[in-house]
Structure formats: structure tokens, C-alpha cells
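Undergrad: I am attaching a structure below and will ask some questions about it afterwards.
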Amino acid sequence: MPDMPETNTGADASGKIPVTVLTGYLGAGKTTLLNRILSEPHGKKFAVIVNEFGEVGIDNDLVVGADEEVFEMNNGCVCCTVRGDLIRIIDGLMKRKGGFDGIIVETTGLADPAPVAQTFFMDQDVQERTRLDAVVTVVDAKWLTQRLKDAPEAHNQIAFADVLILNKTDLVTPEELAGVEAQVRAINPYARLHRTQNAKVAIDDVLGRNAFDLDRIMELEPDFLEEGHHAHHDSDIQSVAVTVDGDVDPDKFLPWLNDYAQREGANLLRSKGILAFRGEPKRFVFQGVHMMLDGDLQRDWRPDEKRTSKIVMIGRDLDREAIEKAFRACAV
Numbered sequence: 002m003p004d005m006p007e008t009n010t011g012a013d014a015s016g017k018i019p020v021t022v023l024t025g026y027l028g029a030g031k032t033t034l035l036n037r038i039l040s041e042p043h044g045k046k047f048a049v050i051v052n053e054f055g056e057v058g059i060d061n062d063l064v065v066g067a068d069e070e071v072f073e074m075n076n077g078c079v080c081c082t083v084r085g086d087l088i089r090i091i092d093g094l095m096k097r098k099g100g101f102d103g104i105i106v107e108t109t110g111l112a113d114p115a116p117v118a119q120t121f122f123m124d125q126d127v128q129e130r131t132r133l134d135a136v137v138t139v140v141d142a143k144w145l146t147q148r149l150k151d152a153p154e155a156h157n158q159i160a161f162a163d164v165l166i167l168n169k170t171d172l173v174t175p176e177e178l179a180g181v182e183a184q185v186r187a188i189n190p191y192a193r194l195h196r197t198q199n200a201k202v203a204i205d206d207v208l209g210r211n212a213f214d215l216d217r218i219m220e221l222e223p224d225f226l227e228e229g230h231h232a233h234h235d236s237d238i239q240s241v242a243v244t245v246d247g248d249v250d251p252d253k254f255l256p257w258l259n260d261y262a263q264r265e266g267a268n269l270l271r272s273k274g275i276l277a278f279r280g281e282p283k284r285f286v287f288q289g290v291h292m293m294l295d296g297d298l299q300r301d302w303r304p305d306e307k308r309t310s311k312i313v314m315i316g317r318d319l320d321r322e323a324i325e326k327a328f329r330a331c332a333v
């Protein structure tokens with residue numbers, strides 16, 4: 002895996018198309034959420050890639066058949082049925098006239114979202130033209146407890162999420178809902194969580210989230226920067242958050258991060274961070290999926306903003322003490 006770039010104009014300034022990966026176990030409400038996105042009068046144009054073969058309902062008036070490669074819809078969206086390489090599909094979309102405001106990839110309910118997410122890290126052409134905006138996971142409040150017992154994919158889908166849609170809340174009691182939310186939070190304490198019925202959620206809460214930006218974690222976890230706020234875990238998936246006050250040395254941090262992702266990539270589901278690099282006025286932000294890493298220099302550190310470096314890693318059997326020691330060794 003090549004090293005991450007140390008300089009870049011930033012995802013927003015580069016004009017890359019944001020990609021939202023929509024995942025969730027069978028019956029959780031992914032297609033309902035997708036239909037809501039496509040039927041909203043947002044005035045934007047989205048390409049939709051459905052990671053399933055066969056007929057997939059998009060709304061009441063349109064079904065994309067298996068014989069269709071790309072189908073232009075009346076509301077300006079485009080739908081694809083993925084029958085080959087996701088990279089090939091995206092390459093074809095990039096050649097279409099008119100362009101898109103975003104791409105939405107709906108995975109099959111039995112899928113681990115990792116291979117789909119990795120596509121936007123590993124192919125140079127795709128990486129140059131698109132950026133992974135967020136992984137959005139729809140969770141079935143009614144059946145989650147059972148799914149966590151019999152479906153490892155459900156664990157992975159929650160752990161990968163940048164945004165969690167806790168759906169079908171009307172089908173459980175308040176006590177049951179609190180218990181389900183606690184289970185979800187044990188796996189992933191940092192994703193933005195929305196309780197919904199019929200996947201009814203504001204579009205801005207799903208699209209344009211910028212998964213790079215850990216400022217959203219600060220909204221959720223005000224004590225994130227406090228000493229000792231490091232890890233949440235359940236039986237096998239845990240999250241580790243480490244903060245260093247001040248700058249880190251990029252010549253130490255980037256090789257360590259790449260090496261760690263290579264060694265522990267099978268267990269490392271998601272990683273992300275905001276770094277203050279020595280002598281650099283801009284924030285370096287990165288995110289990763291297993292062994293695949295991507296990073297950019299983004300906006301300047303604001304005058305009223307404390308230069309702080311922080312990372313979050315979510316995975317299985319993570320050695321919190323080793324991660325913390327190695328990261329702190331990168332401090333200037």
C-alpha cells in the first residue's frame with residue numbers, strides 16, 4: 002500500500018464526488034431510506050449503485066431491471082445494478098455527461114461493507130475522482146439483539162458506521178429501545194445516531210457528513226479530549242480513542258500508521274483522525290478501512306482552536322495500551 006499524501010488541496014477543494022455507502026442487515030430499512038433520499042425535492046442529482054443482482058425497487062413508479070446497466074430516472078437520479086466490478090461502474094458514471102452531486106452505494110443486507118468502502122481507497126482513478134463521505138448503517142431496533150447473536154455481519158455493519166439509523170423504534174418499548182441503543186453504542190460509541198420510524202430522517206443527517214471530520218465526534222462526546230477517555234468495548238469489537246495535546250511528527254506518525262494498518266488490518270475495521278503536524282498550518286485528516294488508508298491536508302487551524310492530535314480506531318482485539326504508547330511516541 003502506498004503512503005498517504007502529505008499534501009493535498011483537500012477533498013472539498015479538489016472537487017471530488019462524495020460517496021455514501023448505505024448498509025444494514027436484511028429488512029432493517031435500507032431501501033426505505035434510499036427511497037426517501039431519492040424522492041426528496043433536494044434538486045440534486047445522485048448516482049445510485051445497488052450491490053445486488055436482480056430487480057431492485059427504487060420507488061413506487063420505477064423498478065430498475067436486471068437488464069439495465071444504467072437507467073436515468075425522472076427526478077434526475079441514476080440507478081445502476083452492479084453486475085461486475087464496482088470500479089468499472091464508477092468509471093462509466095464518471096464519463097456520463099452532466100455529472101453528479103453524489104454517489105450512493107446500497108450494499109446487500111448480508112454484506113460486510115468493507116470491500117465496498119475499500120474500493121474508494123485502493124483504485125487510483127476512483128480515489129482521484131471520488132471520496133468516501135460516510136458509511137450509513139440502518140439498524141432494526143426490533144431484531145437487532147437476535148441479529149447480534151447469529152449474524153457477525155450485523156456487528157461489522159455497526160462498527161463501520163459513521164452514521165447510525167436506529168430504525169423501527171415504534172415496534173419496541175422504551176425500555177427495549179434503551180437496551181438496543183446500549184448494544185449499538187457498545188460496538189460503536191462515536192457514530193452519529195438517529196432514532197427513526199420508517200427510516201424518516203433529514204437528508205442532511207445522512208448525506209454530506211464528511212466522514213473525515215472528527216469534529217462531529219466532539220458534538221457527540223464532549224469529554225473526548227479528557228484524559229482517560231479512551232475505550233468502549235463489547236465482547237469482541239472495541240473502540241480506542243487517543244489524544245495528544247499539540248503537534249505530532251509526520252515522519253514518525255505516517256510510517257507508524259501505515260505499518261500498523263498493514264499488520265493489524267484484518268482486525269482494524271475503521272480508523273480516523275485529525276492531526277496537527279509540526280510546522281503545518283493545516284489540519285491533516287485521515288480515515289481507513291482495514292489496511293486501506295487515505296488522508297488529506299484540509300482547512301487551516303483556526304486562531305481560537307487548540308492544536309490537538311487525536312485518533313480513533315474501531316476493531317477486534319485492539320491493544321489499547323500499545324496503540325496509545327505508539328501514538329504518544331509520535332508527539333513533538
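Residues in the sequence shown are numbered consecutively from 2, following this note's numbering.
In this text, a Cβ means the ideal position worked out from N, Cα and C, and glycines have one as well.
Predicted, not measured: the structure shown is a model, and the values here were computed from it.
#1: Contact check, Val49 vs Ile105 under 8 Å by CB: the rounded distance?
#2: For Ala203, which of Ile38, Val117, Gly30 and Asp252 has the nearest alpha-carbon?
#3: For the beta strand (DSSP E) containing Arg196, list its first residue and its last residue.
#4: Please work out which residues of its chain come closer than 7 Å, Cβ to Cβ, to Ile18, disregarding the five sequence neighbours upstream and downstream, and give them in chain order.
#5: On the premise that Val185 lies in contact with Ile159, defined as a C-beta separation below 8 Å, what is that separation, rounded to the nearest angstrom?
#6: In three-state DSSP terms, what is Ala200?
#7: Report the rounded CA-to-CA distance for His291 versus Glu306, giving the unit in angstroms.
#8: To which residues of the same chain is Asp171 closer than 8 Å at the C-beta, ignoring the five residues directly before and after it?
#9: Quick check on this structure: which residue in Ala330, Asp126, Asp113 and Lys143 has the alpha carbon closest to the alpha carbon of Ile90?
#10: Locate the alpha helix (DSSP H) running through Asp260, then write down its first and last residues.
#11: Straight-line CA distance for Val137 to Phe161?
#12: Report the option in Gly266, Thr108, Phe254 and Trp144 whose CA atom is closest to the CA atom of Lys326.
#13: Could you check if Ala200 is buried or exposed, using at least 16 other CB atoms within 10 Å of its CB as the buried criterion?
#14: Pick helix, strand or coil for Glu107, following the three-state DSSP scheme.
#15: Closest by CA to Asn259, which one among Phe287, Lys143, Ala242 and Gln239?
#16: Between which two residues does the alpha helix (DSSP H) containing Lys273 stretch?
#17: Just the C-alpha distance for His230 and Lys311, rounded to the nearest angstrom, thanks.
#18: Out of Arg321, Asp297 and Lys283, which has the shortest C-alpha to C-alpha gap to Arg303?
#19: Roughly how many angstroms separate the alpha carbons of Lys31 and Asp252, rounded to a whole number?
#20: Can you name, in chain order, every residue of its own chain whose Cβ lies under 6 Å from the Cβ of Thr24, other than the five neighbours on each side?
#21: Is the stretch 313-332 in contact with the stretch 265-275, if contact means three or more CB pairs nearer than 8 Å?
TA: Taking the definition as stated:
#1: 5 Å
#2: Ile38
#3: Arg193 to Arg196
#4: Only Phe101, Gly103, Ile104, Arg130 and Thr131 meet the Cβ criterion.
#5: 6 Å
#6: coil
#7: 31 Å
#8: Gln198
#9: Asp126
#10: First-last of the alpha helix (DSSP H) with Asp260: Pro251 to Glu265.
#11: Answer to the nearest angstrom: the Cα atoms are 8 Å apart.
#12: With distances taken between Cα atoms, Lys326 lies closest to Phe254.
#13: buried
#14: strand
#15: Selected option, being the one with the closest Cα: Phe287.
#16: Element bounds for Lys273: not the alpha helix (DSSP H) but the beta strand (DSSP E), Leu269 to Ala277.
#17: Bear in mind that the predicted position of His230 carries a pLDDT of just 39, short of 50, making it unreliable; the figure below should be weighed with that in mind. Whole-angstrom Cα-Cα distance: 12 Å.
#18: The option with the nearest alpha carbon to Arg303 is Lys283.
#19: 42 Å
#20: Thr108, Pro114, Thr138 and Gln158
#21: yes
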